[in-house]
Amino acid sequence: MKREDNYDIIIIGAGASGLVAAIGAKEASPKKSVLVLEKNQIPGKKLSRTGNGRCNFTNRAISVDHYNSPDKESLEQILSSFTLEDSLSFFSKKGIVPYERNGCFYPYSGEAKSFRDILLLRAKERGVIFSVEESGVSLEREDGYFRIKTDKNIFFAKKYILSTGGLAAPDTGAMGDGYKLLSSLGLDVNKPLPALSPLKCEGAFSEDFAGIRVYGRINIAHKSDVIASDFGELQFNKGSISGIPVLNVSSSAIRLFDENERVRICLDLLPKSFDYSAFIRNLMGDIKVKDALLSILNYKMIPFFLKKAGISLSDRLSDISSKKLKLLFDILSSFSFDMTGYAGFEKAQTSSGGLSLSEVDPHTMELRKFPGLFVTGELLDCDGICGGYNLHFAFATGLLAGKASAGGK
Ligand SMILES: Cc1cc2nc3c(=O)[nH]c(=O)nc-3n(C[C@H](O)[C@H](O)[C@H](O)COP(=O)(O)OP(=O)(O)OC[C@H]3O[C@@H](n4cnc5c(N)ncnc54)[C@H](O)[C@@H]3O)c2cc1C
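In terms of the working numbering, the sequence shown opens at residue 272 and continues consecutively.
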């Protein structure tokens, strides 16, 4: 049976940003009625999976430099309203004790599920009403007000917060509904693409590499420019590469690739400032080249790189010219190949693209063209690297929208 209820504020989507928006709204104005619609049975499904189940919720180095967004000015404004200190203070007041590791903050429990449960509890204690297994389907304008049709009911509210997330990890409920709702209002949504995603490079290396993890630098090159670069543990898979540095450069690489541009991936597999001639000089005796490489490369990779340099498995250091040896180390320091694709949203941790930040007032997250409608989180055109940046952005925008929709500052 259809219900037609009125609320002061309706939030569509009970994920990271929606939960914080709900708490923010109630804290700013406890008397206002807040309804949260969530299509899943349990709110915060993606949140409960974050950080390998441990929830990396913010970072000591929060700054615009760690995000991709065409509108860095608005982003700067958003981040200045919710600094690292603001985040730690907000969550500790909710009962979340932080634990820092290498600049990344997690709940001390080490449990993303407990982080989600605490936010849900705090929202309910403050009187937020949740309607689960209910999806927002359309937003319609009537006499200057909006009403929302769900798959079960019709609701009216003075203020709406769209917190439906993007398209990454669709099994958590992120199926692009928010983009459709925004487009139905005539707003331009920049093409959503997977970000923090493995990159495909079929045929670039031997299948024996699958499963190997090595330290190295990845550079993404377009024409003669390096457009993104990162260092850390690279992971080789069958026909693709992943690992944190790969995920961190994936947003820029995928966007270019999607524009049919040729994208080159260049890996430096040698240690930083590696002096190969000193390394060879220091080696005792005339050993086989393959054995000389054992301390630098995974043994399964050695035959592939020796072959590329025209060196055989039985060649000793004395058998090959210094030119050939240099070629081998040049190949290892700039192992380059074409990007051939990217993994889909199923394997991505966030979405790039979305609603441009210039469409919202960065002090409130209210749509400039539609007062009373607010947008938060992954729906917006802003994606961060690994390390707690995406959740930080979701919480920052959620809190701004929650407070502003309730009339608070
Ligand atoms: C595996 C994984 C690990 C991650 N780890 C981290 C990490 O450690 N640190 C970090 O900073 N970021 C991490 N992220 C990214 C982070 O989870 C997202 O940036 C963040 O959850 C986005 O918040 P959101 O509120 O915009 O969307 P979501 O958290 O996706 O929430 C959207 C909610 O809206 C609901 N919904 C969708 N459509 C409708 C509809 N029509 N009606 C009603 N409800 C709807 C969904 O079911 C969902 O509950 C990770 C992501 C993944 C997939």
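For each residue, glycine too, the CB sits at the ideal point set by N, CA and C.
Please read all numbers here as calculations on a predicted model, not as lab measurements.
Residues that DSSP places opposite residue i in a beta bridge
i                 : result
aspartate 654     : Asn339
arginine 418      : Glu411 and Phe427
valine 307        : Ile282 and Phe401
histidine 493     : Asp496
phenylalanine 376 : Thr329 and Glu371
glutamate 504     : Tyr486
glutamate 637     : Asp632 and Phe645
leucine 470       : Ile512 and Tyr613
aspartate 276     : Phe426
lysine 579        : Note: lysine 579 sits in no beta bridge, so no partner.
isoleucine 432    : Ile282 and Phe645
Euclidean distance between Cα positions of residue i and residue j
i              : j                 : result
lysine 618     : glycine 449       : 20 Å
glutamate 371  : glycine 655       : 19 Å
glycine 482    : valine 291        : 38 Å
proline 465    : serine 300        : 37 Å
serine 406     : alanine 445       : 12 Å
glycine 398    : serine 676        : 16 Å
alanine 394    : arginine 387      : 11 Å
proline 441    : arginine 412      : 28 Å
lysine 364     : aspartate 357     : 11 Å
lysine 471     : histidine 337     : 23 Å
glutamine 620  : phenylalanine 575 : 32 Å
lysine 680     : threonine 635     : Because lysine 680 carries a pLDDT of 49, less than 50, the predicted location of this residue cannot be relied on, and the following value inherits that uncertainty. Rounded to whole angstroms, lysine 680 to threonine 635 spans 9 Å at the Cα level.
glycine 673    : lysine 420        : 21 Å
asparagine 461 : proline 516       : 25 Å
Residue i - containing alpha helix (DSSP H), residue span
i                 : result
aspartate 586     : Taken as a continuous stretch (DSSP letters only), aspartate 586 belongs to no alpha helix (DSSP H), as it is neither H nor E.
proline 463       : Not the alpha helix (DSSP H): proline 463 falls in the beta strand (DSSP E), residues 460-466.
phenylalanine 645 : Per DSSP, phenylalanine 645 belongs to no alpha helix (DSSP H); it is in the beta strand (DSSP E), 644-646.
arginine 387      : 383-396
aspartate 448     : 448-455
leucine 355       : 355-364
Classification of residue i by the beta-carbon crowding that lies within 10 angstroms, buried from 16 upward
i              : result
tyrosine 570   : exposed
glutamate 344  : exposed
asparagine 553 : exposed
histidine 663  : buried
leucine 453    : buried
isoleucine 216 : Nothing can be reported for residue 216: it is not among the residues displayed for the chain, which extend from 272 to 680.
valine 497     : exposed
valine 368     : exposed
tyrosine 379   : exposed
glutamate 526  : As written in the sequence, residue 526 is arginine, which differs from the glutamate given in the question. Buried, by the Cβ-count rule.
aspartate 539  : buried
Beta-carbon proximity of residue i to residue j, cut-off 8 Å
i                 : j              : result
glycine 295       : glycine 669    : yes
lysine 561        : isoleucine 551 : no
leucine 433       : glycine 447    : no
glutamate 309     : valine 408     : no
phenylalanine 426 : tyrosine 416   : no
aspartate 342     : serine 523     : no
glycine 648       : tyrosine 431   : no
aspartate 501     : isoleucine 489 : yes
glycine 624       : aspartate 652  : yes
Element boundaries [beta strand (DSSP E), containing residue i]
i              : result
aspartate 609  : 606-609
threonine 621  : 621-626
serine 334     : Per DSSP, serine 334 belongs to no beta strand (DSSP E) and is neither H nor E.
lysine 539     : A small correction: the amino acid at residue 539 is aspartate; lysine does not occupy that position in the sequence shown. Looking at the DSSP string, the run of the beta strand (DSSP E) that includes aspartate 539 is 535-539.
isoleucine 591 : Per DSSP, isoleucine 591 belongs to no beta strand (DSSP E) and is neither H nor E.
Test: residue i CB closer than 8 Å to a CB of chain D
i           : result
alanine 296 : The displayed structure is made up of one protein chain only, and chain D is not part of it.
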